[in-house]
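A quick write-up on the structure given underneath.
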Amino acid sequence: MLKSIDNFTKNFLKDTENKDIIIINHHDTDGITSAAIIIKALQRKNRIFSVKTVKNLESDFIEELPEDKILLFVDLASGSLNYLEKKNTQIYILDHHEMHQKIPQNVKIINPHIFKEEPVCSAGLCYLFAKSLSDKNKDLASLGVIGMVGDMLDQEVGKLNNDILNDAEVSIKKGPLLYPATRPLDKVLEFSSGFYIPGVTGSRKGVINFLREAGIEKLRNNYKTLIELSEEEMSRLITALMIRITKKNVNIIGNIYLLKFFNKIEDARELSATINACSRMDKSDIAISFCLGNKKSTKDVEEIYTNYKQHLVSALDFIANMKKTEGKEYIIINAKDKIKDTIIGTVTSILSNSQVYDEGTVIVGIAYVGDKLKVSARIAGRNGRNLRELMASVINEVGGEAGGHHLAAGCLISKEKEKEFLKVLQQKLEVSTIKVSA
Ligand SMILES: [Mn+2]
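In case it helps, my numbering puts the sequence shown at residues -17 to 420.
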């Protein structure tokens, strides 16, 4: 794949010598960090470009893109090749989503699926592209790592990803996947980003008791951070967590990635969550400028992140009290206009990682966006039916656009089809539920 990236880069440089570029990126963490890498790298090559960040790639949007510019798609477009074929311009794609269409003549694409390569996120691909443009771009490796963590491709790292981690000079520590690992443990446990700990998350008293049980004492006025714990303290903490979290499918332990982000040591997971929050609150421009090291956006970003967390809490609260459609191995949550379309996916993810539903349960969240329905499907735990196929089969009957992976997929459907969609979805969930072996 590296050889193909070199070729891709050469062609791109030639094609953009006298032509402007439009960068089109997905709005999640991987897409934002991808765009930031490309922006920096193209500035260094004196290229002229504009950036468009999108929630998803719709055919109308593609149709309206100008044809006198070179189009560079990052973290999307692998599923839209048939639409791109109709554009009368050269198109470049750096993406890792599943591909099921033939590559058209006017498209050059780097996607690990083509090369049967280890999974590399788009920010990783953009970083490899930037590195092949110039060795100077090595300083962009951290953004590649943040994208990797954002897309959760960080737990089984192969050679390519390992090289990116090395370029970013990341230091790795094994421990509980609670973040940020750089802040006092009591705060991290109380607001627990990562996983839910019964009796501890959200309870100040619970946190203090839990830390006492684990034999972790205050150091002067503060608790230590995760990364400051001694080996013995760490192992006591992990044991205490194991006792509290009995579900098998919760990932408690993993790699903690610490990296230098504009001269401060940060937890990559926290940076990823911060960037993601901005996009979900429709502030992806601020997220990009944060990734580019803009001082002012660092402050803005913190505020947005806090606001976002409050939004999530109210959304979860709303779901707990609303009427849901529940079946044998599925649940449909139609939040209509009560939950933001940009948050419904996160909320279904939180539910799928919580201990509320049995392994394999399909969780479908629905929210309105303009005249459409945004649908997010997740599997509770790590095994279950193929959701991308499920979504595609529903779209086949109802119309719309679908995408995603095995365990996380979604679709966009015209609001007029709401009733029909719900009927077809429920039918498919009822009929062809595949038994999950434990
Ligand atoms: Mn991605």
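Where a beta carbon is used, it is the ideal one built from N, C-alpha and C, also for glycine.
A contact is defined here as three or more CB-CB pairs under 8 angstroms, and the region 368 to 379 meets this definition with respect to the region 390 to 401. According to the DSSP assignment, Gly385 belongs to no alpha helix (DSSP H) but to the beta strand (DSSP E) extending over Glu383 to Gly386. Beta-bridge partners assigned by DSSP to Val33: Ile5. The closest heavy atom of ligand 1 lies less than 6 angstroms from the beta carbon of Cys103. Annotation for Asp12 indicates a beta carbon within 6 angstroms of some heavy atom of ligand 1. In the three-state scheme derived from DSSP, where H, G and I count as helix and E and B as strand, Cys393 is classed as strand. The nearest non-hydrogen atom of ligand 1 is less than 6 angstroms from the C-beta of Asp57. C-alpha of Ile4 to C-alpha of Ile326: approximately 29 angstroms in a straight line. Annotation for Pro94: Met(-17), His78, Glu100, Pro101, Val102 and Leu107 place their beta carbon closer than 8 angstroms to its own, counting only its chain and skipping 5 residues before and after. Judged by DSSP in its simplified three-state form, Ile128 adopts helix.
Assignment of alpha helix (DSSP H) within the region 169 to 230, counting only whole runs of 4 or more residues, yields 186 to 195 and 213 to 226 in chain order.
Per the C-alpha coordinates, the member of Asp50, Asn88 and Arg29 positioned closest to Tyr65 is Asn88. Judged by DSSP secondary structure, Leu54 falls within the beta strand (DSSP E) whose first and last residues are Ile52 to Val56. Listed in chain order, the beta strand (DSSP E) elements of length 3 or more contained wholly in the region 244 to 283 are 246 to 249.
Counting only runs of 4+ residues, the alpha helix (DSSP H) found wholly inside the region 320 to 352 occupies 323 to 335, in chain order.
Contact between Pro162 and Asp249 holds, with the beta-carbon distance rounding to 4 angstroms and staying under 8 angstroms. The Cβ atoms of Ile128 and Ser217 lie no closer than 7 angstroms to each other.
Spanning the alpha carbons of Lys306 and Asn378 requires a straight line of approximately 25 angstroms. Taking all protein chains shown into account, Glu172 has 16 or more neighbouring C-beta atoms within 10 Å of its C-beta and is therefore buried.
Here Ala302 is exposed. Its C-beta has fewer than 16 other C-beta atoms within 10 Å. Straight-line measurement puts the Cα of Leu122 at about 12 angstroms from the Cα of Leu24.
Pairing Leu76 with Ile52 gives a Cβ-Cβ distance that is not under 7 angstroms. C-alpha of Gly363 to C-alpha of Val346: approximately 14 angstroms in a straight line. A contact between stretches requires three or more CB pairs, one per stretch, nearer than 8 angstroms, and the region 289 to 303 fails this requirement with the region 44 to 61. As DSSP reads the structure, Ile361 sits in a beta bridge with Val344.
Remark: fewer than three beta-carbon pairs, one from each stretch, lie closer than 8 angstroms, so the region 273 to 287 and the region 313 to 325 are not flagged as touching. DSSP places Leu107 inside the alpha helix (DSSP H), whose first and last residues are Ser104 to Leu115. Straight across, the Cα-Cα distance linking Gly140 with Glu402 is about 44 angstroms. In terms of side-chain proximity, the C-beta atom of Asp136 is found no nearer than 6 angstroms to any non-hydrogen atom of ligand 1. Scanning its chain for C-beta atoms nearer than 7 angstroms, with the 5 sequence neighbours on each side dropped, one finds around Ser271 the residues Ser279, in chain order. As the crow flies, the alpha-carbon of Leu274 is around 36 angstroms from that of Leu219. Of the residues Lys397, Asp145, Lys399 and Val33, the one whose Cα lies closest to the Cα of Ser124 is Asp145. Boundaries of the alpha helix (DSSP H) around Asn378: Leu369 to Val380.
If you ignore the 5 residues before and after Asp12, its C-beta comes within less than 6 angstroms of the C-beta of Asp57, Cys103, Ser104, Ala105, Gly129, Gly132 and Asp133, all in its own chain and listed in chain order. From the listed residues Glu215, Lys354, Asn203 and Lys310, the smallest Cα separation to Glu341 is found for Lys310.
When Ile21, Lys98, Ile395 and Ser266 are compared, the shortest CA-CA separation from Thr35 is found for Ser266.
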